[in-house]
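K.L.:
Take this structure first; my questions come after.
Chains as they are written, first to last, in my numbering: chain A, 69 to 250; chain B, 728 to 927.
Here you go:
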């Protein structure tokens with residue numbers, strides 16, 4: 069690959085990949101020969117600017133041809149990394165990896181999922197319990213999941229109501245005691 | 728035997744994994760994101776990808792190394808290395824030191840290891856380790872081929888993976904551009920150094 073062809077080769081290949089074309093398909097769409105496209109992509113020959121634009125357009129892309137000030141930013145970072153030995157590049161990447169706090173934040177959705185699974189397991193356990201009790205009473209086996217779920221909810225509500233009443237009674241008793249104390 | 732080497736932050740210790748392979752004399756070429764980082768891309772990774780030699784002897788050594796590294800399949804199925812090497816494109820494993828992917832024939836290569844090792848070079852990565860790392864051109868080729876393969880797949884995850892592959896391919900091409908520029912500056916471009924007794 070020649071230094072002066074790397075850029076056009078890279079951009080052409082990227083456009084083709086983004087369009088999801090094989091070299092054959094691009095040849096068909098653009099009307100160029102496949103071997104010519106292969107030579108462009110390998111950087112053996114550089115396409116003219118007009119040919120490059122034509123091929124990019126065949127991929128559904130365009131390249132803005134207007135003058136802008138040159139920004140060496142990303143190139144400088146890349147050059148700086150290139151100057152580092154491999155051992156330092158690896159250390160640098162390991163340093164830049166997530167902090168434990170970031171890890172914890174990323175773990176949160178998974179924790180919620182686990183909680184939801186635990187709750188579902190608990191509901192399933194309760195369903196089994198309801199089914200067992202109903203069968204113990206001698207009724208017909210309950211196969212309908214919806215009916216089972218309805219009964220489970222009913223039992224839960226009854227339990228909740230009972231707890232609510234107990235709590236009310238306890239408060240009333242405490243109030244009475246307070247008044248008597250006064 | 729438990730894997731040696733100090734675990735890096737968050738339990739990912741690429742050197743530990745590579746040391747496990749080196750300890751068991753496994754022949755492999757380092758590929759994937761870790762290889763790209765070693766070649767100079769500015770990305771992050773959580774795993775080690777390797778393309779092993781598929782000779783019978785190396786398969787045995789690889790099996791021993793995976794045992795040594797306490798590697799288990801990421802999908803929790805039982806690991807039968809022979810079957811996995813024959814039938815799977817990517818064997819995803821989990822070890823106490825991080826993820827390990829074994830790729831018998833990476834996208835865009837022919838006969839995997841034999842293809843990649845031609846241009847691979849030994850790189851010092853610390854702890855006395857010198858794995859064979861795939862060349863920038865091969866890494867770019869693999870990323871491009873992967874992006875092309877993913878073009879036929881649907882779904883957000885495939886789309887993201889494809890974008891990543893395209894981005895990697897582009898970054899590696901820029902590194903190639905830089906390397907060629909450096910070689911030209913130093914007068915070491917293929918053929919140019921012959922007069923000086925240097926050929927690369």
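All C-beta atoms, glycine included, are put in the ideal place defined by N, C-alpha and C.
(1) Determine the DSSP secondary structure at residue 128 of chain A, reduced to helix, strand or coil.
(2) Taking the beta carbon of residue 838 of chain B as the centre, do at least 16 other beta carbons fall within 10 Å, making it buried, or is it exposed?
(3) Considering only C-alpha positions, which residue in the set A:195, A:228, A:80 is nearest to residue 323 of chain A?
(4) Once the 5 residues before and after residue 819 of chain B are set aside, which same chain residues still bring their CB inside 6 Å of it?
(5) Hey, how far is the Cα of residue 122 of chain A from the Cα of residue 882 of chain B?
(6) Taking the alpha-carbon positions, what's the residue 233 of chain A to residue 206 of chain A distance?
(7) What number of angstroms, rounded off, separates the C-alpha of residue 124 of chain A from the C-alpha of residue 853 of chain B?
(8) Can a CB atom of chain B be found closer than 9 Å to the CB of residue 155 of chain A?
(9) Using a Cβ cut-off of 7 Å, pull out every chain A residue sitting near residue 827 of chain B, in sequence order please.
(10) Is the CB-CB distance between residue 866 of chain B and residue 763 of chain B below 9 Å?
(11) Can you find the residues in the same chain that come closer than 8 Å, C-beta to C-beta, to residue 131 of chain A, ignoring five residues on each side of it along the sequence?
(12) Applying the criterion that 16 or more other CB atoms from any shown protein chain within 10 Å of the CB defines a buried residue, is residue 771 of chain B buried or exposed?
(13) Take residue 756 of chain B as the anchor and find which of B:836, B:796, B:815 has the nearest alpha-carbon.
(14) The alpha helix (DSSP H) that contains residue 113 of chain A, what's its start and end?
(15) Between which two residues does the alpha helix (DSSP H) harbouring residue 784 of chain B extend?
(16) Output the boundary residues of the alpha helix (DSSP H) element that contains residue 930 of chain B.
(17) Closer than 8 Å, Cβ to any Cβ of chain B: which residues of the segment 100–120 of chain A, in chain order?
(18) Taking DSSP as the reference, what is the three-state secondary structure of residue 154 of chain A?
(19) To test your reading of the DSSP string, which unbroken alpha helix (DSSP H) runs of 4 or more residues are found completely within the segment 796–847 of chain B?
(20) For a test of the three-state rule: what should DSSP assign to residue 85 of chain A, helix, strand or coil?
(21) Identify whether residue 902 of chain B lies in helix, strand or coil by the three-state DSSP scheme.
(22) Among B:813, B:812, B:848, B:768, which residue has its Cα nearest to the Cα of residue 144 of chain A?
(23) Between the alpha carbons of residue 82 of chain A and residue 112 of chain A, how many angstroms are there, rounded?
(24) Among B:773, B:812, B:783, which residue has its Cα nearest to the Cα of residue 761 of chain B?
(25) Please classify residue 907 of chain B as buried or exposed, where buried requires at least 16 neighbouring CB atoms within 10 angstroms.
(26) Kindly say whether residue 896 of chain B, judged by its beta-carbon, lies nearer than 9 Å to any beta-carbon of chain A.
(27) Are the beta-carbon atoms belonging to residue 739 of chain B and residue 165 of chain A less than 9 Å from one another?
P.N.:
According to the data block:
(1) coil
(2) exposed
(3) Shown here, chain A extends from 69 to 250; a query on residue 323 of chain A therefore has no answer.
(4) 801, 828
(5) 30 Å
(6) 30 Å
(7) 43 Å
(8) yes
(9) Result: empty, since nearest Cβ-Cβ is about 16 Å, beyond 7 Å.
(10) yes
(11) 79, 120, 121, 124
(12) exposed
(13) B:836
(14) Premise fails: residue 113 of chain A is in no alpha helix (DSSP H) and is neither H nor E.
(15) 783–795
(16) Nothing about residue 930 of chain B can be reported from this structure: the residues present for chain B run from 728 to 927 only.
(17) none
(18) helix
(19) 808–814, 840–843
(20) helix
(21) helix
(22) B:768
(23) 17 Å
(24) B:773
(25) buried
(26) yes
(27) yes
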